[in-house]
Amino acid sequence: MRWVVFGLLGLATSYIALFTVVLSAMLGSPHRFGLFMKHMPGVVVWGVLPAARMWLWARRGELVPGMAAPDFTLERQGHGPRVTLSSFRGQRPVVLVFGSYT
Amino acid sequence: MPALNALYRDYRDRVEFLVVYIHEAHPIDAWQLDSNIEDDVLVATTRTADDRHRVAGVCVTTLGIELPAVVDEPDDRVERAYTAWPDRLYVVDKTGAIAYKSAAGPFGFRPSEVGATLESLSALPPPIETA
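Which chain is which? The protein sequence lines are L and P, in order.
Quick note on numbering: numbering that gives the first Met the number 0 labels position 35 of the first sequence as 34, and the sequence is numbered without any gaps.
Quick note on numbering: numbering that gives the first Met the number 0 labels position 45 of the second sequence as 44, and the sequence is numbered without any gaps.
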């Protein structure tokens, strides 16, 4: 009986440790998270943990609808002219699609 | 991409669309995906503006993206402000306020929700002109 209890405690501790480590990685920078996932067997993260929910929480961000969208000025692709988000204020709504090739 | 291109075509006369090209989701030097190897989409983390502009250009061309694109700085400043990695959708209304913020990508990346937001923004009566 004792061994069952120890076994369960051991499992629970491992689970909590794994959860903490993965959540910390999710809260880190994208590049660090990528390096972490490179060494992590996917099945451990996605199979064992509630990874999607953890991710959605870790990456919820501080912005909330109603808040001012942070302004920025970035070059058009190909070192084209600069575009400033706030230049559209009073003119038209803006859809921002964040992403990358991979 | 087809869904976003379709939205763009429908709304471009009234709405500004911007792809903001950010830090790679699955660069070869970090969390490479098998599907990327199969599709021959092999990209290292972009560390300079030139690299990022170049890869953004390849992306736009290869994926047939009709939306205009801007490229985030190598320090990922805009990605950080918007917690945007690996992908995310926002709609900013005419006052500069956030009208819609998707859940974090990839799970939350749903162009249909952008469409619904744009419809509701178009349905709002125009602001009352003050003389």
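C-beta: ideal position from N, C-alpha, C; glycine also.
In this text the structure is predicted, and so the values were computed from the model without any measurement.
- Residue pairing of Pro64 of chain L in beta bridges, as defined by DSSP: L:Met66.
- When the five nearest sequence neighbours on each side are left out, the beta carbons in the same chain lying within less than 6 Å of the beta carbon of Gly114 of chain P are those of Leu6, in order along the chain.
- Listed along chain L, the residues sitting closer than 8 Å to Ile21 of chain P by beta-carbon distance are Phe97, Gly98 and Ser99.
- Annotation for Pro29 of chain L: no residue places its beta carbon closer than 8 Å to its own, counting only its chain and skipping 5 residues before and after.
- When only Cα atoms are considered, Met36 of chain L and Val3 of chain L end up about 32 Å apart.
- Secondary structure remark: continuous alpha helix (DSSP H) runs of at least 4 residues inside the segment 1-35 of chain L, in chain order: 1-26.
- At a cut-off of 8 Å between beta-carbon atoms, Asp86 of chain P makes contact with chain L.
- In chain order, Ala29 make up the part of chain P whose C-beta sits under 7 Å from the C-beta of Leu34 of chain L.
- For Leu6 of chain P, there is no enclosing beta strand (DSSP E); the enclosing alpha helix (DSSP H) covers residues Pro1 to Tyr10.
- Scanning its chain for C-beta atoms nearer than 7 Å, with the 5 sequence neighbours on each side dropped, one finds around Val93 of chain L the residues Leu84 and Phe87, in chain order.
- Where Arg81 of chain L is concerned, the enclosing beta strand (DSSP E) starts and stops at Arg81 to Thr83.
- Any Cβ of chain L closer than 8 Å to the Cβ of Pro73 of chain P would place that residue at the interface, and such an atom is absent.
- For Pro69 of chain L, same chain residues with a beta-carbon under 6 Å away, outside a window of 5 residues either side, do not exist.
- Within the segment 0-15 of chain P, those residues whose Cβ lies closer than 7 Å to any Cβ of chain L are, in chain order, Leu3, Arg13, Val14 and Glu15.
- Apart from the 5 residues on each side of it in sequence, Arg75 of chain L sits with its Cβ closer than 8 Å to the Cβ of Arg81 and Val82 in its chain, given in chain order.
- DSSP places Val54 of chain P in the uninterrupted alpha helix (DSSP H) bounded by Ala48 to Thr61.
- Against chain L, the beta carbon of Ala102 of chain P has neighbours under 7 Å at Leu55, listed in chain order.
- The alpha-carbon of Ser111 of chain P is positioned some 31 Å away from that of His78 of chain L.
- Among the residues facing chain L, Glu112 of chain P is not included, as its CB has no counterpart in that chain under 8 Å away.
- Counting C-beta atoms within 10 angstroms of its own C-beta, Phe106 of chain P has fewer than 16 neighbours from the protein chains shown and is therefore classed as exposed.
- Contact holds between the segment 10-21 of chain P and the segment 55-65 of chain P, because three or more Cβ pairs, one in each stretch, are under 8 Å apart.
- Nearest C-alpha to Leu120 of chain P among P:Met0, P:Tyr10, P:Leu3 and P:Ala2: P:Tyr10.
- Contact of Asp92 of chain P with chain L is assigned, a C-beta pair being separated by under 8 Å.
- With respect to chain P, the C-beta atom of Pro29 of chain L has a partner C-beta closer than 8 Å.
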